[in-house]
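**Q**
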Amino acid sequence: MRLKIYKLAGCFLAVALLFQCSYKNESQHVPLEERFDKNKHGYAFAIPNLQPVAEVHGIQAINCSACHLEIYQEWQASTHAAALRDIQFQAELSKADSPKWLCLNCHIPVQNQRDSIVTHLRDNDVLQPVSHANPQFDPQFQQEAISCAACHIRRDEETGASYIIGAIGSPFAPHPVRKDKEFLRQICLRCHDPQGERLTQNLLCWFDSSKELDEGQIHLREKFGTSKDCVDCHMPVKRRRLTVTYPDLPERDSHLHHWVGGGVPKSFSDYDGLLERGFTSGLEIKVHPILKRRPDRQIEIIIDFTNVSSGHYLPTADPERFLLAKVLLFDSGGTLLQEKEYRIGQKWLWNPARKVGDNRLKQGETRTWKTTLQVPENVTGDQLSVRVYNVRLSSENANYMMQATNVNENFLPNGQALVNNAIDHYPFASFIYREDINLKNMQNKVFSPQELIDLSKAEKGKSLADRDY
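Under this note's numbering, think of the first position of the sequence shown as 61, with each following residue one higher.
This is the structure:
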């Protein structure tokens, strides 16, 4: 009898412990809504699953192209369309300390693009998401990355039906449309101005571009006579008819959907048409007349850098980006005699990430770099070359990136090979200025925008050791 009591007590204890463990484990699953504030941290929440828009029969960009063909073609060549197949992004995503689900909330922001939906965090840890399968997952839509729906389609909270958000709200549209210009002008901030505390040791997506823009409004008003927001500069206006299917509609002001940004595209082929898509550098460069000091065989170079038209710092956002100016002295045979360089950007140390320097150009700021080159004895310095790059990845960081493993090839087909051989596929920098000066007759050649594009394309396949950056 006593043995039966012991066994019964043991069973009760086991059940109690099992219940306690189960309760404890369940209590460790923190809802996203408790970890993040939806009003401040929109990036932490994927856009809820969307139903096909009435009369459009889908939510993909290809569905929208039936009427809005020109805008669709602009988007196709944009960095938004390439956000998932971005080689650097996929290398970052493969890291063990990458909160993949959180990064994907910006690169494939609609739940229909995700095979699973994150609802909780185990132990409140962003590296331990708790998710469930998404029955509305659309793999084809996933490959569109940041497409029309990310900004222009939302779900009615009461009916669940999808509707279009437009800047005009035309009564002639065949689909449901609601006018909300302010929403469209602010939607960029969801991912380009993510507010919050550091989430992991090395996650550095806390850009300050919006804060910089607020700071730069005085300069913008002085230069342009009015305040500016992201859309004013990055989505300039074109007078056109919005659709190809309604030829009787009047032409209206419509925003271009290129987003060329800093001019370092996601593939070498994307250099084609970059100027036609509207790229111009916000950096103005002036090389002063060269001074040659004959007694001490020195050459003095003075260069002015001016952030002439950007509303934010130059460069902005990604902390790995920087501007690099180089002056190179060659002899008559093309042999490099001496070089000097000047870097404009942030400096960070890693593990954990921490900023240790920042000399970026503020709005309207002019910075002067003065340096000298020493001509060796018995050598004639015949040619001086001034080169300025907008660098996305230094050769050192690119080498580290190219060693990434476990690249998700569902996101990027053949992704592992593309990452490991990125020098053949992914531009690390673009020329934004070059001037060659003949020191014998002081004649100079300033390279045109198209020549700079051609020089940038010629970096394809070049070994990291042979690059200036």
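Here a beta-carbon is modelled for each residue, glycine too, at the ideal position from N, C-alpha and C.
1) Does Ala221 get closer than 9 Å to chain C when you measure Cβ to Cβ?
2) Using alpha carbons as the reference points, say which of Leu396, Val439, Ser454, Thr366 lies closest to Thr428.
3) Could you give the residue range of the alpha helix (DSSP H) that holds Tyr132?
4) Within this structure, are the beta carbons of Leu92 and Pro159 separated by less than 9 Å?
5) Can you tell which of Val347, Ala233, Asn450, Ala518 has the C-alpha that lies nearest to the C-alpha of Tyr529?
6) Determine contact between the stretch 284-293 and the stretch 213-222, defined as no fewer than three beta-carbon pairs at a distance below 8 Å.
7) Out of Arg494, Gln503, Leu499, Ala525, which has the shortest C-alpha to C-alpha gap to Gln510?
8) Between Asp253 and the rest of its own chain, which residues show a CB-CB distance below 7 Å, the 5 nearest in sequence each way excluded?
9) Taking the beta strand (DSSP E) that Gln406 belongs to, which residues open and close that run?
10) Which one of Arg381, Thr376, His348, Val324 has the shortest CA to CA distance from Arg337?
11) Which residues in the same chain have their Cβ closer than 7 Å to the Cβ of Ser341, if we skip the five residues on either side of it in sequence?
12) Check Arg301 in the structure and name its three-state DSSP category.
13) Of all the beta strand (DSSP E) runs that stay within the bounds of the stretch 433-481, which reach a length of 3 or more residues?
14) Can you grab the Cα-Cα spacing for the pair Arg312 / Arg245, in whole Å?
15) I'd like the list of long-range same chain contacts for Arg458, defined as Cβ closer than 7 Å, with 5 residues on each side in sequence excluded.
16) Go through the stretch 151-198 residue by residue and report every complete run of the alpha helix (DSSP H) that reaches 4 residues or more, in order.
17) Pick out whichever of Ala121, Val387, Arg281 has its Cα sitting closest to the Cα of Leu433.
18) Name the DSSP beta bridge partners of Gly226, please?
19) For Phe149, count neighbouring C-beta atoms within 10 Å of its own C-beta (all shown protein chains included) and say buried if the count is 16 or more, exposed if not.
20) Which one of Pro379, Ala477, His279, Asn474 has the shortest CA to CA distance from Gln406?
21) Comparing C-alpha positions only, which one of Lys520, His192, Asp97, Ala126 sits nearest to Thr303?
22) So what does DSSP say about Phe284, is it helix, strand or coil?
23) Return the CA-CA distance between Lys298 and Lys241, expressed in angstroms with no decimal places.
**A** In short, the structure shows the following:
1) Here there is only one protein chain, and chain C is not present.
2) Taking the first residue of the sequence shown as 1, we reach residue 428 at position 368. Answer by Cα proximity: Thr366.
3) Translated into positions along the sequence shown, residue 132 becomes position 72. Start and end: 129-136.
4) Counting from one through the sequence shown, the residue named residue 92 turns up at place 32. Counting from one through the sequence shown, the residue named residue 159 turns up at place 99. It is not a contact, given that the beta carbons lie outside the stated cut-off.
5) In the sequence shown, residue 529 corresponds to position 469, counting from 1. For the residues Val347, Ala233, Asn450, Ala518, the minimum Cα distance to Tyr529 belongs to Asn450.
6) no
7) Position 450 of the sequence shown, counting from 1, holds the residue named residue 510. It is Arg494 whose Cα lies nearest to the Cα of Gln510.
8) Along the sequence shown, read from residue 1 onward, the residue named residue 253 stands at position 193. These residues qualify, in order along the chain: Phe267, Ser269, Ser270.
9) Translated into the one-based positions of the sequence shown, residue 406 becomes position 346. Element bounds for Gln406: 396-409.
10) For the purposes of this step, residue 337 is taken as residue 277 along the sequence shown, with counting starting at 1. Of Arg381, Thr376, His348, Val324, the residue nearest in Cα terms is Val324.
11) For the purposes of this step, residue 341 is taken as residue 281 along the sequence shown, with counting starting at 1. Contacts found: Gly323, Ile492.
12) Indexing the sequence shown from 1 puts residue 301 at position 241. Arg301: coil per DSSP, three-state reduction.
13) 441-451
14) Numbered from 1 along the sequence shown, position 252 holds the residue referred to as residue 312. Numbered from 1 along the sequence shown, position 185 holds the residue referred to as residue 245. C-alpha separation (whole angstroms): 18 Å.
15) Position 398 of the sequence shown holds residue 458. The amino acid occupying residue 458 in the given sequence is Ala; Arg does not appear at that position. Result list for Ala458: Ala482, Phe488, Leu524, in chain order.
16) 160-167
17) For the purposes of this step, residue 433 is identified with residue 373 of the sequence shown, where counting begins at 1. It is Val387 whose Cα lies nearest to the Cα of Leu433.
18) Translated into the one-based positions of the sequence shown, residue 226 becomes position 166. In DSSP, Gly226 forms a bridge with Lys239.
19) The sequence position of residue 149 within the sequence shown is 89, counting from 1. It is buried - the Cβ of Phe149 has at least 16 other Cβ atoms within 10 Å.
20) On the sequence shown, residue 406 is found 346 positions in, with the first residue counted as 1. Measuring from the Cα of Gln406, the nearest candidate turns out to be Pro379.
21) In the sequence shown, the residue the question calls residue 303 occupies position 243. Out of Lys520, His192, Asp97, Ala126, Ala126 has the C-alpha closest to the C-alpha of Thr303.
22) Here residue 284 refers to the residue found at position 224 of the sequence shown. Three-state result, Phe284: helix.
23) Against the sequence shown, residue 298 aligns to sequence position 238. Against the sequence shown, residue 241 aligns to sequence position 181. If I take the Cα positions, the gap works out to 17 Å.
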